[in-house]
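Numbering (this note's numbering), first residue to last: 414 to 855.
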């Protein structure tokens, strides 16, 4: 089987998330995007029209296309993460419409954790508010590669260019302090459809792309050949049949990079080295496979490999460790305190751990570090030190989002407590503050 550059680097799918403060118009924007891109079925539109008419509205409320929960429709807000799948002739999309209320910020973490792009909405009348900063900080912490500033409700400020320019300047400056460099600002009106799918005739001063044009053309993904190979082992296959008497394969989804027959690899955390003897994909043998394909790998030597182990390109991974420093987004109503016993789920491996220290939490408004002695509350972003019972092979999250991330889980009931990112969060912010602030960070 031969592999071309086009096969390895082709990107046909964009995962993106919408975020912003409550009532900024996220659901309406998503509804408009689906409607104007002809991604709404006739019966769906009819159902929305009936509900809208029952409320006394003359036109269909497009926000109802994404507000699927009954409580959401009754209150006119988004509570859960609403996933929508649609496609144009140029690209396929998975969209996560995330909530705006501060108590549901944790859901934004869920929606943005796998996103290639985040659309942050701002109401043109209100400008940037605390939730705008919070959601932008979460996108930065999760290393979302691209950010779109969607200045919505331009129709309510007379389509004034100066209003848009002021908001775009403030947002871009704030995002830069977080290390976010790829920001595209678009003025639009989701209600009227300006610059969502079609160009606005009322904002001729804007010469950039519509939202859909940008979503269709933004470069996403990376060349797998430029990344180190990582295969978390999900299942060990030992048929034991007469036909496959000596077959021993290690199945999983390639998290990053490319695996080829003959490649030297290291099995972590044991550190044993061997080579790839064969690769099975979709029931047939192949000479090469790349992320995010699901494959079964056979190794040259009979080494001890179990579920949760990581097969990595030789010499590309650091030594597995029991002491972990990481940034976390706390997702649970129960506070996280020093001394808490947790489970750490990293790829396919789950180990016991204890929270040895909460170094600090981040003030989203000022980006300053505050003492973490009181623990982390729901929606807090902070830095923790963990001690695990068994070593974990984590990559720095900045280098690899798949193998640099983990979950903290309550061992008593299996509840997810926090989402973690290995290594120092907001390192660029710390350096900028140290050089621009006379006061020391706490």
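No residue lacks a Cβ here, since even glycine has one placed at the ideal position from N, Cα and C.
Around the Cβ of residue 544, are there at least 16 other Cβ atoms within 10 angstroms (buried) or fewer (exposed)? Result: buried.
So which of 759, 732 and 562 has the shortest CA-CA distance to residue 679? 732
Using only alpha-carbon positions, find the residue among 793, 611 and 739 that is nearest to residue 769. Nearest of 793, 611 and 739 to residue 769, Cα basis: 739.
Decide if residue 427 is buried, meaning its Cβ has at least 16 other Cβ atoms within 10 Å, or exposed. buried
Expressed to the nearest angstrom, what Euclidean distance is found between the alpha-carbon atoms of residue 425 and residue 751? 44 angstroms
Helix, strand or coil at residue 439 according to DSSP, with G and I counted as helix: helix
Which residue's Cα is closest to the Cα of residue 825: 781, 747 and 786? 747
Would you grab the beta carbon distance between residue 716 and residue 700 for me? Rounded to a whole angstrom, and I think it's under 8 angstroms. Going by Cβ atoms, the distance from residue 716 to residue 700 rounds to 22 angstroms, so no, they are not a contact pair.
Can you tell me the Cβ-Cβ gap for residue 445 and residue 560, rounded? I've got them flagged as a contact below 8 angstroms. Incorrect: roughly 20 angstroms between the Cβ atoms, too far for contact.
In or out: residue 603 buried (at least 16 other Cβ within 10 Å) or exposed? buried
Give the single residue among 720, 648, 772 and 639 whose Cα lies nearest to the Cα of residue 726. Of 720, 648, 772 and 639, the residue nearest in Cα terms is 639.
When 782, 781 and 682 are compared against residue 801, the one with the closest alpha-carbon: For residue 801, the closest C-alpha among the options 782, 781 and 682 is that of 682.
Cβ shell of residue 755 (< 6 angstroms), same chain only, five flanking positions each side left out: The beta carbon of residue 755 sits closer than 6 angstroms to those of 766 and 821, all from its chain and outside the five residues before and after it, given in chain order.
8 angstroms Cβ cutoff met for residue 694 and residue 670: no
Compare the C-alpha of residue 830 against each of 665, 777 and 741 and name the closest. 741
If you draw a straight line from the C-alpha of residue 677 to the C-alpha of residue 434, how long is it? Straight-line Cα distance between these residues: approximately 49 angstroms.
Taking DSSP as the reference, what is the three-state secondary structure of residue 666? strand
Leaving aside the five residues before and after residue 430 along the sequence, list all residues of the same chain whose C-beta is less than 6 angstroms from its C-beta, in chain order. 509, 511, 524, 525, 528 and 531
Identify, in the order they occur along the chain, each residue of the same chain with its Cβ nearer than 8 angstroms to the Cβ of residue 583, setting aside the five sequence neighbours on each side. 540 and 541
What residues in its chain sit with their C-beta under 8 angstroms from that of residue 558, if we drop five residues either side in the sequence? Closer than 8 angstroms at Cβ, skipping near neighbours: 529, 530, 595 and 633.
For residue 804, the nearest candidate out of 832, 791, 723 and 810 (CA to CA): Comparing Cα-Cα distances from residue 804 to each of 832, 791, 723 and 810, the minimum goes to 723.
Taking the Cβ atom as the reference point for each residue, do residue 600 and residue 587 lie within a distance shorter than 8 angstroms? no
Among the candidates 616, 623 and 705, whose CA atom is the shortest distance from the CA of residue 644? 705
Can you round the beta-carbon distance between residue 649 and residue 761 to whole angstroms, since I take them to be within the 8 angstroms contact cut? About 11 angstroms separates the two Cβ atoms, so there is no contact after all.
Write down every uninterrupted run of the alpha helix (DSSP H) in the stretch 696-735 whose length is 4 residues or greater and which is fully enclosed by it, in chain order. none
For residue 546, does the three-state DSSP call read helix, strand or coil? Three-state result, residue 546: helix.
Residue 637 (DSSP reduced to helix, strand or coil): helix
Would you kindly work out how many angstroms separate the C-alpha atoms of residue 871 and residue 714, rounded to a whole number? One cannot answer for residue 871 here, as it falls past the ends of the chain, which runs 414 to 855.
Residue 361 - partner residues in DSSP beta bridges: Residue 361 falls outside the range modelled here, since the chain spans only 414 to 855, and no answer is possible.
Around the C-beta of residue 753, are 16 or more other C-beta atoms found within 10 angstroms, so that it is buried, or is it exposed? By the neighbour-count rule (16 or more Cβ atoms within 10 Å), residue 753 is buried.
Within the same chain, show all residues whose beta-carbon is closer than 7 angstroms to that of residue 450, passing over the 5 residues directly before and after it, in chain order. Cβ within range, chain order: 499, 501, 610 and 625.
Terminal residues of the continuous alpha helix (DSSP H) containing residue 625? 624-630
Restricting to runs no shorter than 3 residues, where is the beta strand (DSSP E) found entirely within the stretch 746-786? 754-759, 762-775 and 782-784
Give the secondary structure of residue 616 by DSSP, where H, G and I count as helix, E and B as strand, and everything else as coil. Under the three-state reduction of DSSP, residue 616 is assigned to coil, being neither helix nor strand.
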